[in-house]
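Peer 1: Attaching a single structure in structure tokens format; questions to follow.
The structure is reproduced here in structure tokens:
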């Protein structure tokens, strides 16, 4: 009783004293005594002591209660000792201790921290099935797991369940809900959530900063200024991030007086700032243009290091090159000064301040300091991204004049040549790199092979690839992926397979991109079973199978007529948490269309629109194919009209499908009507369409129509063996031997083959027979 009284009052030392006396007197404490003491000890931050008491209890053979287990689990969770937490769950199971909601909630959090997303979801579902789901904290635990995994839709689903059950949201839950809507860029929902939060509690700096940052991101400056005014009106306590964001609002809007006032407000905190905070403030001063204040604050840092000086140098680079030069010299006199200068050049180049990066490089050379190759390469790469070849060559020339050029500089210049469409120069430079004694480089080869492939220079790409094999170049996954893709693009599927086999034999791990490409290689080669093998292998990777792999497999299943398997795979996409994109929908639509499953196509078309995917030309083509396959020609024509109403122009191919279907059924007049409709839309008939129509006239004995068609189209298309042969037969049918002879001469002149077996009215004869 004495121990319990001390625990209730939070008097830990007194409770521990009474506990010790109790044991010395020969009494064995009850489980509840142990449990309450463990809880109090943990609350006071004396973790080791809490764990020691728990160990003592278990050694005495006392089975811990749910309450005690929850205290220890919370302790392990706080200390990130997840293995011990999971071990405790095993002990609970062994002793048939039934977990309560609190314990299950901790388990959800632990699974989330370990990245065991599916286990966390399963546990949360178990809590609900057991009827234990009542506490807002348990719901919020699952929300946090979804958020940390980046599954915002999953988090919103949990919030919707909470709303339907009238679960009151805490301040932390509102903050998480706001984060969800901002991540999904749902402005209306984010603002409504923030408004609800304001009615419940006063939002903290973190919540204000989230919404303010969102306004800046989407360019809603009026809303940003209004929110800043609210922050000032309610005297919201600032943190460093909110200071920074508010200052950005002032700077973007040119609100100099407000910016200076904010900087003055920050300045009053300077005396008690640590070095890290001072460096952050130096940066803020620089963003506000208060460079003298920044330099003054630097003087207050005892023994400023290279990082501090580098920060000031960064600020002066954009405003005062004279002062920047002084700072650069000062920086080089410090320990690791050149290293910081290298990092600053890389940072400037990556952020787009390439002129400042180049200025630094030139000054360093003048000061007899040689920057790292990585810093020089970053400047060349930045110029390449801007298509500024002349400036990139200047930097490369400076590097080559200052001594031995490393592989990083060569590779960056090769990449720049390729980006600027100077592939031949890139090839020359690569060969120079090899001649200078550098080993064949996987990155440089990948860049070159990719550039060759994009320009249709497949022979050069293949030569470089197999030269790398002869030279036993050390290749990585990216290089192999590039090589395989190049062979796929060139249509050399056996070579692609050979490279993949070499990759596996060399022990280089395939990536999702590898499997995606190999699915295409085998799919295009008609080896569906091998493509399935690649897809199954992709599922063994740590990373999830992506939408592209699913889409490829659905497409190849469809082409092989294995519609059921395609449909099952399409259904599995959503089970894996992937929302099918338009290309994936089109692949499934095509699969259904090839066998005329128009009902399935219609349903999938509606589902596609529900997922906010607007139908495109490929979507409508699948609809037309499905309707024509099932002989619903009126519906197929309606699709063409629907396309036109949606401002999507039908192509020759859309009309071809319908024209071909009419011709197959012998509805030549309907085929001619659709052909005329195609011409009315402004489309010129192509060779395929002309062949279809002329064959129809020929085979159904419509000689006059065929002759008229030939005369109106002969100048629109290049000479074709079938078209000219059909014309010869039609002229002969009319007894116009001279005209037929002239066309025969044209066939011979063009080196084409005359098709003697064509027969006028051949389809009519079959019908009669």
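Numbering (full-length UniProt numbering), first residue to last: 1 to 769. For every residue, glycine included, the Cβ atom is placed at its ideal position computed from N, Cα and C. Given the structure is predicted, the values throughout are model-derived calculations rather than measurements.
1) Are residue 512 and residue 499 closer than 9 Å when you measure CB to CB?
2) From the DSSP output, in three-state form, read off residue 562 for me.
3) Give a yes or no on whether the C-beta atoms belonging to residue 381 and residue 425 are separated by under 9 Å.
4) Would you say residue 594 and residue 563 are within 9 Å of each other, going by their C-beta atoms?
5) Have a look at residue 44 and residue 312 and give me their C-alpha separation to the nearest angstrom.
6) Measure from the alpha carbon of residue 362 to the alpha carbon of each residue in 395, 374 and 190, then state which is nearest.
7) Rounded to a whole number of angstroms, what is the C-alpha to C-alpha distance between residue 718 and residue 374?
8) Among 214, 742, 662 and 696, which residue has its Cα nearest to the Cα of residue 760?
9) Taking the continuous alpha helix (DSSP H) assigned at residue 418, which residues delimit it?
10) So, is residue 353 buried or exposed, given that buried needs 16 or more other C-beta atoms within 10 angstroms?
11) Kindly indicate which three-state DSSP category residue 97 falls into: helix, strand or coil?
12) Considering only the beta carbon of each residue, do residue 309 and residue 337 sit closer than 9 Å?
13) Determine, using beta carbons only, whether residue 652 and residue 689 come nearer to each other than 9 Å.
14) Can you grab the Cα-Cα spacing for the pair residue 514 / residue 484, in whole Å?
15) For residue 109, which of helix, strand or coil comes out of DSSP?
16) In chain order, what residues of the same chain lie with their CB nearer than 6 Å to the CB of residue 80, ignoring the 5 residues before and after it?
17) Measure the C-alpha to C-alpha separation of residue 767 and residue 699 and round it to an integer number of angstroms.
18) Does residue 411 pass the burial test, meaning 16 or more other C-beta atoms within 10 Å, or should it be called exposed?
19) Helix, strand or coil for residue 473? Go by DSSP, reduced to three states.
20) Assign residue 753 to one of three DSSP states: helix, strand, or coil.
21) According to DSSP, is residue 577 part of a helix, a strand, or is it coil?
22) Might you give, ordered along the chain, the residues of its own chain that have their beta carbon closer than 7 Å to the beta carbon of residue 758, omitting 5 neighbours on each side?
23) Would you mind sorting residue 749 into buried or exposed? The rule is 16 or more other CB atoms within 10 Å of its CB.
24) Could you pull out every residue in the same chain whose Cβ sits closer than 8 Å to the Cβ of residue 434, ignoring the five residues on either side in sequence?
25) With distances taken between CB atoms, is the gap from residue 626 to residue 592 smaller than 9 Å?
26) Use the C-beta contact count for residue 68: other C-beta atoms within 10 angstroms, 16 or more gives buried, fewer gives exposed.
27) How far does the alpha helix (DSSP H) with residue 494 in it reach, from first residue to last?
28) Output the boundary residues of the alpha helix (DSSP H) element that contains residue 802.
29) Helix, strand or coil for residue 768? Go by DSSP, reduced to three states.
30) Counting C-beta neighbours from all protein chains within 10 Å, is the total for residue 468 16 or more, i.e. buried, or is it exposed?
31) For the pair the segment 503-511 and the segment 520-529, tell me if three or more CB-CB distances fall below 8 Å.
32) Just the Cα atoms here: how many angstroms apart are residue 754 and residue 743?
33) Taking DSSP as the reference, what is the three-state secondary structure of residue 729?
34) Measure the C-alpha to C-alpha separation of residue 769 and residue 490 and round it to an integer number of angstroms.
Peer 2: In terms of the structure at hand:
1) Here residue 512 is not near residue 499, since their CB atoms are 9 Å or more apart.
2) Residue state, collapsed to three classes: coil.
3) The Cβ atoms of residue 381 and residue 425 lie no closer than 9 Å to each other.
4) Yes.
5) Distance between the alpha carbons of residue 44 and residue 312 is about 44 Å.
6) Its Cα nearest to that of residue 362, the residue 395 stands out among 395, 374 and 190.
7) Distance from the CA of residue 718 to the CA of residue 374, rounded to the nearest whole angstrom, comes to 55 Å.
8) Of the listed residues, the one whose Cα sits closest to residue 760 is 696.
9) Under the DSSP assignment, residue 418 falls in the alpha helix (DSSP H) whose first and last residues are 407-419.
10) Taking all protein chains in view, the Cβ of residue 353 is crowded by 16 or more other Cβ atoms within 10 Å, so the residue is classified as buried.
11) In the structure shown, residue 97 sits in coil (DSSP, three-state: anything other than H, G, I, E or B).
12) Closer than 9 Å, so yes.
13) Against a cut-off of 9 Å, the Cβ pair of residue 689 and residue 652 comes out as a contact.
14) Cα to Cα, residue 514 sits roughly 8 Å from residue 484.
15) If DSSP states are grouped into helix, strand and coil, residue 109 belongs with the helices.
16) For residue 80, there are no CB contacts under 6 Å within the same chain when 5 residues up- and downstream are skipped.
17) Low per-residue confidence applies at residue 767: pLDDT is 46, beneath 50, and the placement is therefore not dependable, though the value from the model is reported in the following sentence. Annotation: residue 767 to residue 699 spans about 11 Å, alpha carbon to alpha carbon.
18) Flag for residue 411 reads buried.
19) In the structure shown, residue 473 sits in coil (DSSP, three-state: anything other than H, G, I, E or B).
20) Coil, per DSSP.
21) Three-state DSSP puts residue 577 in coil, outside helix and strand.
22) Annotation for residue 758: 698, 725, 726 and 729 place their beta carbon closer than 7 Å to its own, counting only its chain and skipping 5 residues before and after.
23) The residue is exposed, with fewer than 16 neighbouring Cβ atoms inside 10 Å.
24) Correct list, in chain order: 440.
25) Using a Cβ distance threshold of 9 Å, residue 626 and residue 592 count as a contacting pair.
26) Buried, because 16 or more other Cβ atoms sit within 10 Å of the Cβ of residue 68.
27) Looking at the DSSP string, the run of the alpha helix (DSSP H) that includes residue 494 is 493-505.
28) In the structure as shown, the chain begins at 1 and stops at 769. Residue 802 is therefore absent and cannot be evaluated.
29) Because the pLDDT at residue 768 is just 42, under 50, the model does not fix this residue reliably, and the value given afterwards should be weighed accordingly. Reduced to three states, the DSSP call for residue 768 is helix.
30) Buried, by the Cβ-count rule.
31) With the cut-off at 8 Å, the segment 503-511 and the segment 520-529 do not touch.
32) When rounded, the distance between both Cα atoms is 10 Å.
33) Secondary structure at residue 729: helix, using DSSP grouped into helix, strand and coil.
34) Reliability of the predicted coordinates at residue 769 is poor, the pLDDT of 39 falling under 50, and the value obtained from them is presented with this limitation in mind. So the two alpha carbons sit approximately 49 Å from each other.
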